[in-house]
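Q: First the structure, which I've put down as structure tokens, then a few questions once you've had a look.
2 protein chains.
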Amino acid sequence: MVDRLREAGKRLTAERRLLFDIVSKNPHLDAAGIYKLALEVNPKIGQATVYRTLNLLAELELVDVSPLGEAHGHYEVRADDHAHLICVECGSVREIPPPDGLRTLEDLEGFEVRRTELELIGLCPACAKKRREKEAPQTGDE
Amino acid sequence: MVDRLREAGKRLTAERRLLFDIVSKNPHLDAAGIYKLALEVNPKIGQATVYRTLNLLAELELVDVSPLGEAHGHYEVRADDHAHLICVECGSVREIPPPDGLRTLEDLEGFEVRRTELELIGLCPACAKKRREKEAPQTGDE
DNA sequence: ATGGCTGCAAACACTTTGCATCGGC
DNA sequence: GCCGATGCAAAGTGTTTGCAGCCAT
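Quick note, the sequences are listed as chains V and G, same order. The letter at position 85 of the first sequence is residue 85 when you use the numbering used here, and the numbering goes up by one with no holes. The letter at position 98 of the second sequence is residue 1098 when you use the numbering used here, and the numbering goes up by one with no holes.
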């Protein structure tokens, strides 16, 4: 994470460290939850910092914003793609890592699927092309 | 849709018809976009009605709220599960229906996937059980 | 020492709610 | 005719922004 910040010419502050740390250890918190945990460590951190930092980390692709069905966006550190089992009733989230992952329905272990979302997020052909043109061989990373 | 409303003891109004129709024909609009289209047909429809109706339709499981990566929630009529190709650059959304769907990567036709989200939305075992207990044979549908 | 980052609070955008009226059943 | 649904506008919630001081570089 340090490297990525440096790369992007951003500064490494205690707040950023803290927030990234919280997101790492708590995969499915929303901004409010992250803020709350942050307050316990640094009582005078501001929510603006939380939002700014999460946006920054998302831009640097260090964390992902996971939409999580009904609820609001939650944050988690970028990792191997995995499935989310999201309960519409209690909001609980279970993760299924990909290797041992979703090979059979039995892996769901009693979870009752109502609907699924498969989102492939990236660049459409046109934008991918534009980006390649715009981008110098080594420098650019947004 | 009419039936589902009836079932739930809800009334069939022109506004609900209109909004459902708009969502049907425009799979990836957000609330604001839906409202805008609705205004063209019924200039005095209120946004509150749009929100209330969309929430109602979502509750009746007639439409889904699709989180769509970076953007805000979008609405679409419930249909066969399909994948979304979401461009982070221009925000375009392409749908891939399941039968002809994502069997090979070539189906992506040049889309450059950066990350994927697989969300299985439903009831965790505990809540599924609770719901079965609470639910009378015929009456209850929350 | 400098410019980016932070905290604070105001601004903003989106969604929900209260109430009187309207209209489906 | 009754009770739910609507339209309007105000309230609520979550997120962003402006600015002065602070701190990583």
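The beta carbon of each residue, even a glycine, is placed where N, CA and C say it ideally should be. Predicted model only: the values in this text are computed from it and were never measured.
1. Is Leu1057 of chain G helix, strand or coil when you go by DSSP?
2. Round the Cβ separation of Leu1005 of chain G and Leu1012 of chain G to the nearest angstrom and send it over; I've been treating them as touching at under 8 Å.
3. By DSSP, does Thr116 of chain V sit in helix, in strand, or in coil?
4. What residues match up with Leu1123 of chain G in a beta bridge as DSSP calls it?
5. According to DSSP, is Asp1003 of chain G helix, strand or coil?
6. With DSSP collapsed to three states, give me the class of Leu1018 of chain G.
7. Just tell me which of V:Glu7, V:Val63 and V:Asp3 has its CA closest to the CA of Lys25 of chain V.
8. Got a sec, what are the start and stop residues for the alpha helix (DSSP H) Ile34 of chain V sits in?
9. Less than 6 Å between C-beta atoms, sequence neighbours within five positions excluded: which residues of the same chain meet that for Leu37 of chain V?
10. Compute the Euclidean distance between the alpha carbons of Ala1008 of chain G and Ile1045 of chain G, then round it to the nearest angstrom.
A: Let me spell this out:
1. For the purposes of this step, residue 1057 of chain G is taken as the residue at position 57 of the second sequence. Note: Leu1057 of chain G maps to helix in three-state DSSP.
2. Locating residue 1005 of chain G in the second sequence gives position 5, counting from the first residue. Locating residue 1012 of chain G in the second sequence gives position 12, counting from the first residue. Yes, they are in contact, since the Cβ atoms of Leu1005 of chain G and Leu1012 of chain G sit about 5 Å apart, within 8 Å.
3. Taking the first residue of the first sequence as position 1, residue 116 of chain V is located at position 116. DSSP places Thr116 of chain V in strand when its eight states are reduced to three.
4. Residue 1123 of chain G sits at position 123 when you count from the first residue of the second sequence. Leu1123 of chain G is bridged to V:Glu112.
5. Translated into the one-based positions of the second sequence, residue 1003 of chain G becomes position 3. In the structure shown, Asp1003 of chain G sits in a helix (DSSP, three-state: H, G or I).
6. Against the second sequence, residue 1018 of chain G aligns to sequence position 18. The answer is helix: DSSP assigns Leu1018 of chain G an H, G or I state.
7. Locating residue 25 of chain V in the first sequence gives position 25, counting from the first residue. Nearest C-alpha to Lys25 of chain V: V:Val63.
8. One-based indexing of the first sequence puts residue 34 of chain V at position 34. Ala31 to Val41 is the span of the alpha helix (DSSP H), which, as asked, contains Ile34 of chain V.
9. Walking along the first sequence from the start, residue 37 of chain V turns up at place 37. Counting only Cβ-Cβ distances below 6 Å, and skipping sequence neighbours, we find Ile22.
10. Here residue 1008 of chain G is taken as the residue at index 8 of the second sequence, counted from 1. Here residue 1045 of chain G is taken as the residue at index 45 of the second sequence, counted from 1. Distance between the alpha carbons of Ala1008 of chain G and Ile1045 of chain G: 23 Å.
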